[in-house]
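Protein chains in written order, with my numbering: chain A, 1 to 195; chain B, 1 to 361; chain C, 1 to 456. Cβ coordinates follow ideal geometry from the N, Cα and C atoms, glycine included. Note that the coordinates shown come from a computational prediction; the quantities given were computed from them, not determined experimentally. Remarks on the structure that follows.
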Amino acid sequence: MTVPAPDSGIHKRVVLAEADIDRALTRIAHEILEANKGSRDLVLLGIPRRGFPLAQRLAQKIAAVDESVDPDLITGQLDVTMYRDDLRRNPTRSPLATQLPPSGIDDKVVVLVDDVLYSGRTIRAALDALADLGRPRIVRLAVLVDRGHRELPIRADHVGKNLPTSSRERVRVHLAEIDLIGGSAVNEVVIEDRP
Amino acid sequence: MKHLLSTQDLSARNALRLLDVAEEMAAVGQREIKKLPALRGRTVVNLFFEDSTRTRISFEAAAKRLSADVINFAVKGSSVSKGESLKDTAQTLEAMSADAVVIRHPASGAPARLAASGWIDAAVVNAGDGTHEHPTQALLDAFTLRRHWARLGGNPSAGTTLAGMKVLIVGDVLHSRVARSNVWLLTTLGAEVLLAGPPTLLPVGVGSWPCTVYYNLDEALAQRPDAVMMLRLQAERMNAAFFPSTREYSRRWGFDDGRLALLDTMGLDDTVIMHPGPMNRGLEISSAAADSPRSTVLAQVRNGVSVRMAALYLLLSGDHHDEQDDEQDDEQADAKDDATDVPAGNGTRTTPDTTREGTHP
Amino acid sequence: MTTDASTTTEYLIRGASILGGPSQDILVRGGRIVALGEDAGASAGVTAVDAEGLVALPGMVDLHTHLREPGREDAETVETGSRAAALGGFTAVHAMANSSPVADTAGVVEQVYRLGLASGWVEVRPVGAVTVGLGGERLAELGAMAESRAAVRVFSDDGICVHDPVLMRRALEYVKAFDGVIAQHAQEPRLTEGAQMNEGEVSAVLGLTGWPAVAEESIIARDVLLAQHVGSRLHVCHVSTAGSVEIIRWAKARGIDVTAEVTPHHLLLTDELVRSYDPVYKVNPPLRTSEDVHALREALADGTIDVVGTDHAPHPSEHKECEWAQAAMGMTGLETALSVVQHTMVETGMLDWEGFARVTSVTPARIGRLEHQGRPLAAGEPANLILVDPAARWTVDPSTMATKGRNSPFRGLELPGSVRATFYAGHATVLDGRLATPRPAAAGAAPTQDVPAWTI
Chain A
1 MTVPAPDSGI HKRVVLAEAD IDRALTRIAH EILEANKGSR DLVLLGIPRR GFPLAQRLAQ
61 KIAAVDESVD PDLITGQLDV TMYRDDLRRN PTRSPLATQL PPSGIDDKVV VLVDDVLYSG
121 RTIRAALDAL ADLGRPRIVR LAVLVDRGHR ELPIRADHVG KNLPTSSRER VRVHLAEIDL
181 IGGSAVNEVV IEDRP
Chain B
1 MKHLLSTQDL SARNALRLLD VAEEMAAVGQ REIKKLPALR GRTVVNLFFE DSTRTRISFE
61 AAAKRLSADV INFAVKGSSV SKGESLKDTA QTLEAMSADA VVIRHPASGA PARLAASGWI
121 DAAVVNAGDG THEHPTQALL DAFTLRRHWA RLGGNPSAGT TLAGMKVLIV GDVLHSRVAR
181 SNVWLLTTLG AEVLLAGPPT LLPVGVGSWP CTVYYNLDEA LAQRPDAVMM LRLQAERMNA
241 AFFPSTREYS RRWGFDDGRL ALLDTMGLDD TVIMHPGPMN RGLEISSAAA DSPRSTVLAQ
301 VRNGVSVRMA ALYLLLSGDH HDEQDDEQDD EQADAKDDAT DVPAGNGTRT TPDTTREGTH
361 P
Chain C
1 MTTDASTTTE YLIRGASILG GPSQDILVRG GRIVALGEDA GASAGVTAVD AEGLVALPGM
61 VDLHTHLREP GREDAETVET GSRAAALGGF TAVHAMANSS PVADTAGVVE QVYRLGLASG
121 WVEVRPVGAV TVGLGGERLA ELGAMAESRA AVRVFSDDGI CVHDPVLMRR ALEYVKAFDG
181 VIAQHAQEPR LTEGAQMNEG EVSAVLGLTG WPAVAEESII ARDVLLAQHV GSRLHVCHVS
241 TAGSVEIIRW AKARGIDVTA EVTPHHLLLT DELVRSYDPV YKVNPPLRTS EDVHALREAL
301 ADGTIDVVGT DHAPHPSEHK ECEWAQAAMG MTGLETALSV VQHTMVETGM LDWEGFARVT
361 SVTPARIGRL EHQGRPLAAG EPANLILVDP AARWTVDPST MATKGRNSPF RGLELPGSVR
421 ATFYAGHATV LDGRLATPRP AAAGAAPTQD VPAWTI
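Spelled out as structure tokens, the structure:
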């Protein structure tokens, strides 16, 4: 399935197609409900940018199982920009909005949602950001892809797919809510490699 | 942006980015814990050659909310020439490893001089220089105006401009750094700017500014501005033959109770009254006007901290070999972290990220 | 070109283009040009100077130089300033009176004059102050200065305007007694209180206090009328505005005995440069607009403005390494004047080399009453002349200049024209574009005799 991209010399490999992503999210939604023994006190906080639509999708799937759940009321976005440890080493990033559900996060079971887990530094920043916003009872982590190469003692509670990668490769998640490729919305996870 | 010296050289893109970041900073200001770790370990020096407690504490609060260390350096004495020279001061701050210098100076151009001199490597923020500019004041004014304008239009303010807004600036434009910074910034953001004041207090050369000039305040008000910004009349101008007397000034150029009532009569229900402070009540603005629901004076003060947080954050985070295209650079920057893009900019969640698209075949 | 001029007094300049004309040889001996062309045969012991491709011009005469000595020797001395002058192609400079003490007595002008003789690089002619201490209240002892060994003919309070109309009138009248001239620094003081730069579009944006053109023009208008009324001679220093040009043109048309000067920097630079807030562009009168620059060039070409004066004003670096408002006004100019005038006037076709000689040498010498300067390059004339390579290009680097001042606004600019040799009273002060040797004091006479340098 390797498609050499014209011009760029980058090899692209689709590792999760739309149906794979959907299946993985369905499974994660069930795992979350199971681990939490239901939907009580659940709050899903997506980390911008692609964590947020994933959190929305998970909330939809949870609502499909548990009719008492209003997906909009359990979903939020947690911006971690100001808590990153690499602000000085990269070009300036603009922070994005943090939006918590109306219930807040105090004494809640917060599931952080992100697309790719890699070094673990984003999650470290997210935990700090969370601490400034309130005191959840439990914090869990759900990711679509775990590509390894952790630099901090952090692991995900729910993983859509474990992807062994080399650090030279890039894992790209494209979600219809955000990404347009060639004019059409796509859902896929690709690995790019520059030989 | 390496420095923030003037609004004249601030691009629309950078201005909007600053205001958008300020919106996020303002949200932090609503939280119980108002502190962010972004500038932990960085040193911000407030270098004030001129007393201005308001501006200094605003910058101090901004820096502290971002966890920066703040050093206040007040160079005392009415005559700067008798004190330490700007060069020596700058080199002292360089030796102390200041990351940013917030400078207030009675001489126009002193911050530009500091930034260009090579005496110091720090980011320079102009906190008001002589009769030149006061960019953070204009930014907080624009922030205040944008929130007002967006609310009238029923939109969130992030990402929006001042297009279609009509802002009238009244008073001593000649000596006003606030007026200069606002003229450039507000027009950059799409607003239409009107100036009104006595001809003696409008600079020679104002004809080339992107504004309409009125010598008669009531004529200017008849243009139905969406905001009226009253400038402070400095005491030292009052006896320098720029106008016959403060009473005549107040009558002709002050925003008095009669003009406040006029706004109602004209049906200008949404027109706000601004003042950079401190106010000369009863001179350029009446108490009734200053305390009316139209007044944005306190909102301006509040927004000042958010805007200054945004400025310090944007100047001090990140290495500055970028700035042409943040999105593209961010993508590179993300290569290591989580191998996925977190593009900067305030694109809403559902907006297709077209910039990013460009890297895909 | 061969050198070792210290002992040689006879030079054969080969193939120089006199005022841009056909190539000729020039024989210099005993302080004078003794022969031209075919007659300039080589004899034993003569030093040959190859001037192929070079233009021979009369040595430049500056009516407006600040040598800073006595009092501000940290900024410049007569020695360093006159070295800079020689390198810049000058054979005479007028040292402005705003030293410390002010050159308002015979004693001070004679001191400056003697320092010039001792230096030996150019003829140094002191300018006397018009009023005591430049105070603008009482006339200085103009007659005593005129009769001193310095034989002062030019009087000026430069840096400060003689703004009291009565005092100005008296000064104009008084100097008629000894054929003097008042060189006015035209600046109405009330209109320029705290002024920092030209008043106009740029000052409006920069928030720097404006220096209106009318502050200069109103004084010039008054002074030409005063000069007419008392029938005296007026020289207007550093004219900087198009309006001033109009007034002077009008005055000359009416037959008023007025001469005017423009600086090289006002022929090239505009107030746009102030946007950098770099005080190297801070000067009095201020840099004006491009319209003014063009009016000044035209006026210099058509004779409305008579001369180029450098207003060479060196300052120690600490007076420029500061905020704009704190910085001193002034720019160095001796070592760039020729190049800037060539660039702005000759290469634009507005002046030929003869015109160049007129505005940089002949007319300034006449205004200053320097009998041995600005003379034709002809047999029997004093040998004050320079050799210029008009094809040379160089980049201005203030750190390599002979002046102590590093405040050149032309820093980094590439300019045409370089001075290859300067002959001051027949002595080569500059050869191969480098300083050679100063002219021995009083040309062999005992220094105590104090023979004026210009009586060769």
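Length of the line joining the Cα atoms of residue i and residue j
i: S250 of chain B; j: A222 of chain B; result: 19 Å
i: I154 of chain A; j: L186 of chain B; result: 47 Å
i: T241 of chain C; j: V130 of chain C; result: 24 Å
i: G407 of chain B; j: A38 of chain B; result: Coverage of chain B is limited to positions 1 through 361, which leaves residue 407 of chain B absent and any answer about it impossible.
i: T304 of chain C; j: M345 of chain C; result: 14 Å
i: V419 of chain C; j: D158 of chain C; result: 28 Å
i: S287 of chain B; j: T43 of chain B; result: 40 Å
i: N46 of chain B; j: C322 of chain C; result: 19 Å
Close beta carbons around residue i, own chain, < 7 Å, minus the five adjacent residues each side
i: D129 of chain B; result: H105, A107, S108, G109, A110, P111, R177
i: V80 of chain A; result: I47, T122, A125, A126, A129
i: S6 of chain C; result: Because the pLDDT of S6 of chain C is 43, which lies under 50, any placement of that residue in the model is unreliable, and the question is left without a value.
Proximity test, Cβ basis, 8 Å: residue i and chain A
i: R147 of chain B; result: no
i: P111 of chain B; result: no
i: V21 of chain B; result: yes
i: R17 of chain B; result: yes
i: P244 of chain B; result: no
Beta strand (DSSP E) segment containing residue i, residue limits
i: Q91 of chain B; result: That residue, Q91 of chain B, is in no beta strand (DSSP E); its alpha helix (DSSP H) goes 86-95.
i: S17 of chain C; result: 10-18
i: I169 of chain B; result: 166-170
i: H427 of chain C; result: 427-431
i: G128 of chain B; result: 123-129
i: K64 of chain B; result: Per DSSP, K64 of chain B belongs to no beta strand (DSSP E); it is in the alpha helix (DSSP H), 53-65.
i: K12 of chain A; result: 11-16
i: S418 of chain C; result: 414-424
i: Q300 of chain B; result: That residue, Q300 of chain B, is in no beta strand (DSSP E); its alpha helix (DSSP H) goes 297-316.
i: Y214 of chain B; result: 211-214
i: E123 of chain C; result: 123-126
i: W394 of chain C; result: 385-395
Own chain, CB closer than 6 Å to residue i, minus 5 neighbours either side, in chain order
i: K87 of chain B; result: W119
i: I21 of chain A; result: N187
Contact with chain C by residue i, beta-carbon distance below 8 Å
i: S85 of chain B; result: yes
i: G197 of chain B; result: no
i: V204 of chain B; result: yes
i: H3 of chain B; result: no
i: Q91 of chain B; result: no
i: G130 of chain B; result: yes
C-beta neighbour in chain B for residue i, strict 8 Å
i: W324 of chain C; result: yes
i: G207 of chain C; result: yes
i: D128 of chain A; result: yes
i: S399 of chain C; result: no
i: G210 of chain C; result: yes
Spatial neighbours of residue i in its chain, beta-carbon cut-off 8 Å, leaving aside the 5 residues before and after
i: G20 of chain C; result: V55, D352, W353, E354
i: L25 of chain A; result: L54, R57, L58, K61, L144, G160
i: Q300 of chain B; result: L140, D141, T144, M274, H275, P276, G277
i: L273 of chain C; result: Y281, L287, P409
Cβ-heavy atom distance, residue i to the ligand GDP, below 7 Å
i: V139 of chain A; result: Among the ligands in the structure shown, none appear at all, so the ligand GDP cannot be discussed.
Endpoints, alpha helix (DSSP H) assigned at residue i
i: E216 of chain C; result: 213-230
i: Q24 of chain C; result: Looking at the DSSP string, Q24 of chain C is not in any alpha helix (DSSP H); the run it does join, the beta strand (DSSP E), is 23-29.
i: D292 of chain C; result: 290-302
i: M145 of chain C; result: 142-147
i: F356 of chain C; result: 353-357
i: Q60 of chain A; result: 51-65
**Report entry** Runs of beta strand (DSSP E) wholly within the stretch 68-138 of chain A (minimum 3 residues, chain order)
**Finding:** 75-77, 109-117, all fully within the stretch 68-138 of chain A.
Query - Uninterrupted alpha helix (DSSP H) stretches inside the stretch 218-271 of chain B (no shorter than 4 residues) - result: 246-253, 257-265
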